[in-house]
Amino acid sequence: MRAGELAAVRVRLEEFTSEVFAPLVRRDWLEKSQLYLRGLLLDGRRKSMQPMAERLGVDHQRLQQFMTSSTWPVEDVRAGLAWRAVQAVRPQVGLRSHPAAARGHGGAG
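Residue numbers for the sequence shown follow the numbering used here, beginning at 485 and rising by one.
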């Protein structure tokens with residue numbers, strides 16, 4: 485995504501990050517999470533901290549410390565992302581018998 489394209493969806497992206505990263509109670513964590521997400525979305529082959537920071541025009545240590553040193557609730561954020569993914573994809577889950585089990589050849593031991 486180019487910088488102009490990212491600017492066009494900035495409001496939606498900020499709404500998304502505010503919702504997904506709601507467990508981040510510190511304002512600086514939320515700001516850094518938004519920076520990190522924008523860095524991931526911008527064009528560029530390398531998604532490590534230094535190249536992303538260069539594209540964003542920020543010090544890479546801001547991103548690095550957020551990802552490696554902060555004590556933000558990773559599990560809560562992952563749960564929020566998983567919930568959003570399920571809502572977006574709406575997977576159809578069903579049970580299918582294995583063909584061998586249907587013929588009476590299935591089962592343990």
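We treat Cβ as the ideally placed atom computed from N, Cα and C, and that holds for glycine.
For clarity, every value in this text was computed on a predicted model and none was experimentally measured.
Proximity to residue i [Cα-Cα], best of the options
i      : options                        : result
Ala487 : Phe500, Ser502, Arg539         : Arg539
Ser502 : Arg529, Glu515, Ala491, Ala492 : Glu515
Trp513 : Val573, Lys531, Ala569, Pro557 : Pro557
Thr555 : Gln534, Ser517, Leu524, Leu521 : Ser517
For residue i, the first and last residue of its enclosing alpha helix (DSSP H)
i      : result
Trp513 : 511-525
Gln571 : 558-573
Met484 : The chain is shown from 485 up to 593; residue 484 falls before or after that span and cannot be answered.
Gly488 : 487-492
Exposure label - residue i; buried when at least 16 CB within 10 Å
i      : result
Thr552 : exposed
Leu547 : buried
Ala569 : exposed
Arg574 : exposed
Proximity test, Cβ basis, 8 Å: residue i and chain E
i      : result
Gly523 : No chain E appears in this structure, which consists of one protein chain only.
Sub-8 Å separation of residue i and residue j beta-carbons
i      : j      : result
Gly564 : Val504 : yes
Leu526 : Leu497 : no
Pro507 : Val561 : yes
Collapsed DSSP secondary structure at residue i in the structure displayed
i      : result
Leu547 : helix
Val504 : helix
Thr552 : helix
Gly496 : The residue you asked about is not Gly; residue 496 is Arg in the sequence shown. In this structure, Arg496 counts as helix in the three-state DSSP scheme.
Residue i: CB within 7 Å of a non-hydrogen atom of the ligand FMN
i      : result
Asp543 : The ligand content of the structure shown is nil, which means the ligand FMN is not present either.
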